[in-house]
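Enquirer: Chains as they are written, first to last, in the working numbering: chain A, 586 to 915; chain B, 6 to 393; chain C, 5 to 137.
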Amino acid sequence: MAVLTSYGAYVPQYRAPLGEIQKFYGRPGRPRSRGLATPGLDEDTLTMAFEAARQALKGERGLGAVITATQAPPFGLRKLSQTLGRALRLDDGAVNIDLGANATGLLDAFRIAQTLDVGPTLVVATDHLVSYRDRVADVLSAGAAAAFVIDPGRKAEGIAELGPQSRESVEAYDVWMLGREQEPRFRMEVLFDAYAKATSAAAAGLETSTERPTAKYTSICPSQPHPQVLRGLAKLGAQPKQLEATQFVGDIGNVGAASVGLALCLGLDASRKGSTLLALAYGGGESVAQEITVTRKPKSIGTREMIDAGEQIAVGTYYRWTEGRQQQPH
Amino acid sequence: MKVGVLGVGKTPHKIQHDKSLKDLAVEAGRKAMNDAGVSPQDIQMLYVGNVGSVGFNYENSTGLMVAHHLGVVPAGAVRVEAACGTGAWALHLGCVAIASGLYDTVMVLGCEKMNDLATVEGTSIIAQAADSKEEYFSGLTFPSGTALTARKYMQTYGVSEEDLAHTSVKNHYYGARNPSAHLRFECTVDEVMKSAKVADPLKLYEVCPMTDAASALVLCRPEILEAQPDKPQVFVTATSMGSGTWYQASDTLDDAYNLFARPAARAYEMAGVGADDVDVAEIYNSFAIQEPLGIEGLGFAERGKGWQGAEDGSTWLDGKVAVNPSGGLLCKGHPLGATGATQAVDVVEQLRGTAPEGMLRADAEIGISACRGGPGSVGAIHIYQREG
Amino acid sequence: MTVSAIEFSRLGPPKLHLFAMKCDSCGELSPWWERNHCYHCGGDSMQEFELKGTGELTNYTVVYYPPREFLGQEPYVVGHIQMDEGVNMPAPVMGVDPDAVEVGTRVAATLRRMKLGHEGDIYYSYKFVVDDE
Chain A
586 MAVLTSYGAY
596 VPQYRAPLGE
606 IQKFYGRPGR
616 PRSRGLATPG
626 LDEDTLTMAF
636 EAARQALKGE
646 RGLGAVITAT
656 QAPPFGLRKL
666 SQTLGRALRL
676 DDGAVNIDLG
686 ANATGLLDAF
696 RIAQTLDVGP
706 TLVVATDHLV
716 SYRDRVADVL
726 SAGAAAAFVI
736 DPGRKAEGIA
746 ELGPQSRESV
756 EAYDVWMLGR
766 EQEPRFRMEV
776 LFDAYAKATS
786 AAAAGLETST
796 ERPTAKYTSI
806 CPSQPHPQVL
816 RGLAKLGAQP
826 KQLEATQFVG
836 DIGNVGAASV
846 GLALCLGLDA
856 SRKGSTLLAL
866 AYGGGESVAQ
876 EITVTRKPKS
886 IGTREMIDAG
896 EQIAVGTYYR
906 WTEGRQQQPH
Chain B
6 MKVGVLGVGK
16 TPHKIQHDKS
26 LKDLAVEAGR
36 KAMNDAGVSP
46 QDIQMLYVGN
56 VGSVGFNYEN
66 STGLMVAHHL
76 GVVPAGAVRV
86 EAACGTGAWA
96 LHLGCVAIAS
106 GLYDTVMVLG
116 CEKMNDLATV
126 EGTSIIAQAA
136 DSKEEYFSGL
146 TFPSGTALTA
156 RKYMQTYGVS
166 EEDLAHTSVK
176 NHYYGARNPS
186 AHLRFECTVD
196 EVMKSAKVAD
206 PLKLYEVCPM
216 TDAASALVLC
226 RPEILEAQPD
236 KPQVFVTATS
246 MGSGTWYQAS
256 DTLDDAYNLF
266 ARPAARAYEM
276 AGVGADDVDV
286 AEIYNSFAIQ
296 EPLGIEGLGF
306 AERGKGWQGA
316 EDGSTWLDGK
326 VAVNPSGGLL
336 CKGHPLGATG
346 ATQAVDVVEQ
356 LRGTAPEGML
366 RADAEIGISA
376 CRGGPGSVGA
386 IHIYQREG
Chain C
5 MTVSAIEFSR
15 LGPPKLHLFA
25 MKCDSCGELS
35 PWWERNHCYH
45 CGGDSMQEFE
55 LKGTGELTNY
65 TVVYYPPREF
75 LGQEPYVVGH
85 IQMDEGVNMP
95 APVMGVDPDA
105 VEVGTRVAAT
115 LRRMKLGHEG
125 DIYYSYKFVV
135 DDE
């Protein structure tokens, strides 16, 4: 049984106006997010990971492993986890694992952390999706990071236990990138069907292994609360109040691998001893669901405040800051 | 020590897109030689001050280039560099050359062409005259580094931004009267306070522009000048150089004071005069705060009070000592390698009585030029005297 | 201000670690670039001394005309920070309103992208944010 001992999150302070961006490209429809959390010029997935990890670690250094999950590492050839570990002044010799992940990456990392036997493990999901031109209005590109410390040896000080996972994957050409292409390709029509199929099946599978109905979780923490996902969950008996505390995509956009992490941080902030959280991630045809049981009321890290706080930036500023990033490392 | 100033010459100080570094240097050199009544072959050694030609102009070895184009070959020539104190350093080496007895007539020339590149490039190149890779890794530049000194001065002595603004008002009053200055407009305290921020608390009218210019002096053994009584008898009577910290982080107000005070003490002794004897002073002020600091370092005012003369008139043209009656670097600009030489030319013209009306100090007999460089790294003091 | 990858590896800025230099003779701390000589006592042997990362803002300026590497981030605050261990050093301070900066504010170090080296690498190092702990 893996124990969660602490967590942290980082949401950049700038908000780009999605509505104006859509207008600029003549894209119809109501913007699906009020703003896009945009990392500043001196930030990227590594610096955001550092901020989230700093909050989660609060001075702790004796980590045995660092696992990072991102779709946008700054370096090829050099591990994000290794660089993060050095910046956090961890002892050399920690196990460094980079997951080149989609939005399910954080839960994959949890799965690995549950089996590693090296002492406390820092798991960080950090992402900055940048998509362009006609794509930008469809992929709600934004950046953020969420960090978790998993330590099976510290049951007494833990705040939650990571329970079983359930996975379901469907063959879907919804979102994909070829090799090291700069921008994702996607088909919206396929995307929503795949969301519904995969997430419902993963949640249903979890009901079987945990014997806990979906409707009985205190909070559901989905990576993307798309209407199709919510419809699928509703069929399993989920209620709107289970999603009240954990919604954020409509405020700051899709933050890729960090999405389910932020949802989880929101769920933890609002939880008490005995609360149960259903982490539900979807990416590229696969969905992962995990049961998390809160054993001690955590001290809120203020994730909602980070999301609500935000300094508006102009459309031009957004483009100036993100334009070069596709050619440069994120 | 006594070194004769046989001739001086300078180009206009402003943006000159039609002139190259070469053009500027040749223009200044020829003016100085004509004024001195010498030909290029009379020059026995050439010291050329230039700071950033590798960055600004993609060229190097300015001394050798100028020697060729001025026709000074086969006399020796060398490039001199000491950050913003370069022109004064070239002057010092010229004085030492004469005082050593090895040379009769030498030329000192400072030149810089800064406007071939955009401001951000220029700022980055200027920053190389500090530890731009390490200390300025923090995002500091020369303006912002000096801004930190300004704030420290204000906090330590309880001086306000309005108090400091008077310095710019005075400099701009005289800059408007200087035909060869880059900026030629007067301004009020209110206009200084409202001018755009550059690096808080420094505002646009408190920082110098980037300028293209060259200035030159022909120096000689005193007997050579004395043998031509129809020429104005102006001599350099002290040359005193010192160094200081390379780092903004280490530059305290005491360091800023000592940067001038130490070499100034030696210079006053060399020239046999005191601070009270000085009629006119050109004090380095690429940023306005450096003028009060320089006034204090030269002994014209107590520590923390150097800014007051601009408000009460005692550092204006007819005050106790005329400080920067040329408009200072704030109006003349700061063509890095030329500035120290320009200051010397300007003091000499004051002592000769040939400075333009409206900025000419009546009956000036003793003058001083004080130049500095780097974050706090160069202090250069020269004293000049008119005889007869 | 651009440096080659080799030079950066050899003697560059603090990169991922925030440290000062401690004099073997007098024990005083100097900023990390004073590797060769102690400005306090003239000593010539210095050792790296790791810093916790917290300190107090003792002075600041706001830069409106940046160098190349900071283009697009202006106006930004550069402060003199008195680290808790006793050394004073300049560094950018992020996330503060330029009109509301106050001397005496407690700050803490965090990691940021500093610049792209001209051989294409990314140089990370420390900037500071307001320490609200």
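Cβ coordinates follow ideal geometry from the N, Cα and C atoms, glycine included.
So, does the CB of L691 (chain A) fall closer than 8 Å to a CB anywhere in chain C?
Expert: No, because no Cβ of chain C sits closer than 8 Å to the Cβ of L691 (chain A).
Enquirer: Show which residues of chain B have a CB atom less than 7 Å away from the CB atom of M93 (chain C).
Expert: Those within 7 Å of M93 (chain C) in chain B are A254.
Enquirer: Taking only three categories from DSSP, how would you classify E307 (chain B)?
Expert: DSSP places E307 (chain B) in coil when its eight states are reduced to three.
Enquirer: Confirm, please, whether the CB-CB distance from A280 (chain B) to Y289 (chain B) is below 8 Å.
Expert: Contact flag unset, no.
Enquirer: DSSP on M87 (chain C), reduced to helix/strand/coil?
Expert: Here M87 (chain C) sits in strand by DSSP.
Enquirer: Looking at C-beta atoms only, is the number of pairs between the stretch 219-232 of chain B and the stretch 253-271 of chain B that lie closer than 8 Å three or more?
Expert: The stretch 219-232 of chain B, when compared against the stretch 253-271 of chain B, does not touch it at the 8 Å Cβ threshold.
Enquirer: Taking a cut of 8 Å between CB atoms, which residues from the stretch 108-119 of chain C lie near chain A?
Expert: For the stretch 108-119 of chain C, which is checked against every Cβ of chain A, the residues closer than 8 Å are T114, L115, R116, R117, M118.
Enquirer: Is it buried or exposed, N65 (chain B), if we count other Cβ atoms within 10 angstroms and call 16 or more buried?
Expert: Exposed: under 16 other Cβ atoms inside 10 Å.
Enquirer: Whose CA, out of A:G869, A:V596, A:R617, lies closest to the CA of V775 (chain A)?
Expert: With distances taken between Cα atoms, V775 (chain A) lies closest to A:G869.
Enquirer: Listed from N- to C-terminal order along the chain, which residues in the stretch 15-42 of chain C have their beta-carbon within a distance smaller than 8 Å of any beta-carbon of chain A?
Expert: Listed by position along the chain: L20, H21.
Enquirer: Helix, strand or coil, according to DSSP, for H74 (chain B) in the structure here?
Expert: Residue state, collapsed to three classes: helix.
Enquirer: Using beta carbons (cut-off 8 Å, strictly below), is I85 (chain C) in contact with chain A?
Expert: No, I85 (chain C) does not count as interfacial toward chain A.
Enquirer: So what's I300 (chain B) in DSSP terms, helix, strand or just coil?
Expert: In this structure, I300 (chain B) counts as helix in the three-state DSSP scheme.
Enquirer: Can you give the Cα-Cα distance for P45 (chain B) and N183 (chain B), rounded to whole angstroms?
Expert: Roughly 29 Å between the two C-alpha positions.
Enquirer: Take E766 (chain A) as the anchor and find which of A:Y592, A:A657, A:K884 has the nearest alpha-carbon.
Expert: Closest option to E766 (chain A), Cα to Cα, is A:A657.
Enquirer: Note down, in chain order, each residue of its chain lying with its Cβ closer than 6 Å to the Cβ of V755 (chain A), except the 5 sequence neighbours on either side.
Expert: Closer than 6 Å at Cβ, skipping near neighbours: A779, K782, A783, G870.
Enquirer: Please report the distance separating the alpha-carbon of H915 (chain A) from that of S291 (chain B).
Expert: With a pLDDT of only 46 at H915 (chain A), under 50, the local geometry of the prediction cannot be trusted, and the value read off the model is given with reservation. Their backbone Cα atoms lie some 40 Å apart in a straight line.
Enquirer: When the cut-off is 8 Å and only beta carbons count, does E126 (chain B) lie next to chain C?
Expert: E126 (chain B) counts as touching chain C.
Enquirer: Pick helix, strand or coil for T244 (chain B), following the three-state DSSP scheme.
Expert: In this structure, T244 (chain B) counts as strand in the three-state DSSP scheme.
Enquirer: T58 (chain C) versus chain B: which residues are under 8 Å apart at the beta carbon?
Expert: In chain order: nothing, as chain B lies at least about 17 Å away.
Enquirer: Is the shortest distance between the beta-carbon of Q51 (chain C) and the beta-carbons of chain A less than 8 Å?
Expert: For Q51 (chain C), the answer is no, since every Cβ of chain A falls outside 8 Å of its Cβ.
Enquirer: Which residue or residues does DSSP assign as beta-bridge partners of M50 (chain C)?
Expert: Answer is C:C27.
Enquirer: Does DSSP put W94 (chain B) in a helix, a strand or coil?
Expert: Reduced to three states, the DSSP call for W94 (chain B) is helix.
Enquirer: Would you kindly work out how many angstroms separate the C-alpha atoms of N40 (chain C) and M50 (chain C), rounded to a whole number?
Expert: In a straight line, the C-alpha of N40 (chain C) is about 7 Å away from that of M50 (chain C).
Enquirer: Looking at chain C, which residues of the stretch 626-642 of chain A have a Cβ within less than 8 Å of any of its Cβ atoms?
Expert: Within the stretch 626-642 of chain A, the residues whose Cβ lies closer than 8 Å to some Cβ of chain C are L626, D627, E628, D629, L631, T632, F635, E636, R639, listed in chain order.
Enquirer: How would you list, in chain order, the residues of chain C whose beta-carbon sits under 8 Å from the beta-carbon of V203 (chain B)?
Expert: Near V203 (chain B) (Cβ distances below 8 Å), the residues of chain C are Y68, Y69.
Enquirer: How long is the line joining the alpha carbons of C192 (chain B) and D323 (chain B), rounded to whole angstroms?
Expert: The alpha-carbon atoms of C192 (chain B) and D323 (chain B) are separated by roughly 20 Å.
Enquirer: Could you give the distance in angstroms between the alpha-carbon of V900 (chain A) and the alpha-carbon of Q813 (chain A)?
Expert: So the two alpha carbons sit approximately 30 Å from each other.
Enquirer: So is P148 (chain B) in contact with chain C if we call contact Cβ pairs under 8 Å?
Expert: Interface residue, yes.
Enquirer: Could you please tell me which residues of the stretch 118-144 of chain B, in chain order, have their CB closer than 8 Å to any CB of chain C?
Expert: Cβ contacts with chain C come from T124, V125, E126, T128, S129, A132, Q133, D136, S137, K138, E139, E140, Y141, F142, S143, G144.
Enquirer: For Y610 (chain A), is the classification buried or exposed, using 16 other Cβ atoms within 10 angstroms of its Cβ as the cut-off for buried?
Expert: With fewer than 16 other Cβ atoms within 10 Å, it is exposed.
Enquirer: Using only alpha-carbon positions, find the residue among B:T128, B:G34, B:V164 that is nearest to G150 (chain B).
Expert: Checked all of B:T128, B:G34, B:V164; the closest Cα to G150 (chain B) is B:T128.
Enquirer: Please report how far the alpha carbon of A360 (chain B) lies from the alpha carbon of E354 (chain B), in whole angstroms.
Expert: Those two C-alpha atoms are separated by around 5 Å.
Enquirer: Measure the CB-CB distance between A286 (chain B) and G372 (chain B) and report whether it falls below 8 Å.
Expert: Yes, Cβ-Cβ distance for A286 (chain B) and G372 (chain B) is below 8 Å.
Enquirer: Within this structure, are the beta carbons of Y130 (chain C) and L120 (chain C) separated by less than 8 Å?
Expert: Their beta carbons are not under 8 Å apart, which means Y130 (chain C) does not touch L120 (chain C) by this criterion.
Enquirer: Does chain C have any CB closer than 8 Å to the CB of L153 (chain B)?
Expert: Interface residue, yes.
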